[in-house]
Amino acid sequence: NATHQMKKLTLEDQKALRDRLQIPITDEELEKDPYKPPYYMPDKDDPALRYMLERREALGGYLPSRHHEDPHLELPGDKAYKMMTKGSGKQKVA
-16 NATHQMKKLT LEDQKALRDR LQIPITDEEL EKDPYKPPYY MPDKDDPALR YMLERREALG
44 GYLPSRHHED PHLELPGDKA YKMMTKGSGK QKVA
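Counting in the working numbering, the sequence shown runs from -16 upward without gaps.
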């Protein structure tokens, strides 16, 4: 599978991604070294960054974790297991 073997985006793909995501990076910056595209960090007041930070806060932080409490299960009494512990009639339960 050729797509699986692709390790880097082509210059055209980088430009298309930049345009689709509306990232303010010039063609010259991308063409300078296509194998090392420039790092982009939005301003702290950028609505997209604020949204991401708010979502992270609402989800409980940057590292995923599961917080749950298992419900306490009441086990049935011995009567529920009587058929299993009785054996077949000729032999005892192993």
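Cβ coordinates follow ideal geometry from the N, Cα and C atoms, glycine included.
Cβ-Cβ separation, residue j to residue i (assumed contact under 8 Å), whole Å
i, j, result
"Pro21", "Glu11", "With a Cβ gap of about 10 Å, Pro21 and Glu11 do not count as contacting."
"Leu0", "Leu(-8)", "7 Å"
Proximal residues to residue i (C-beta, below 8 Å), its chain only, five neighbours per side dropped
i, result
"Gln(-3)", "Leu13, Pro17, Pro20"
"Ile8", "Arg1, Pro20, Pro21, Tyr23"
Limits of the alpha helix (DSSP H) - the one that residue i falls within
i, result
"Leu13", "10 to 15"
"Pro54", "Here Pro54 belongs to no alpha helix (DSSP H), and DSSP marks it neither H nor E."
"Met67", "65 to 69"
Separation of residue j from residue i, as counted between CA atoms
i, j, result
"Pro30", "Leu42", "18 Å"
"Lys62", "Ser48", "40 Å"
6 Å Cβ shell around residue i - same chain, five flanking residues per side excluded
i, result
"Val76", "Thr68, Gly70"
Nearest residue (CA-CA) to residue i, options the options
i, options, result
"Tyr45", "Glu52, Leu36, Lys(-10)", "Leu36"
"Ile6", "Asp26, Ala(-15), Leu56, Gly60", "Asp26"
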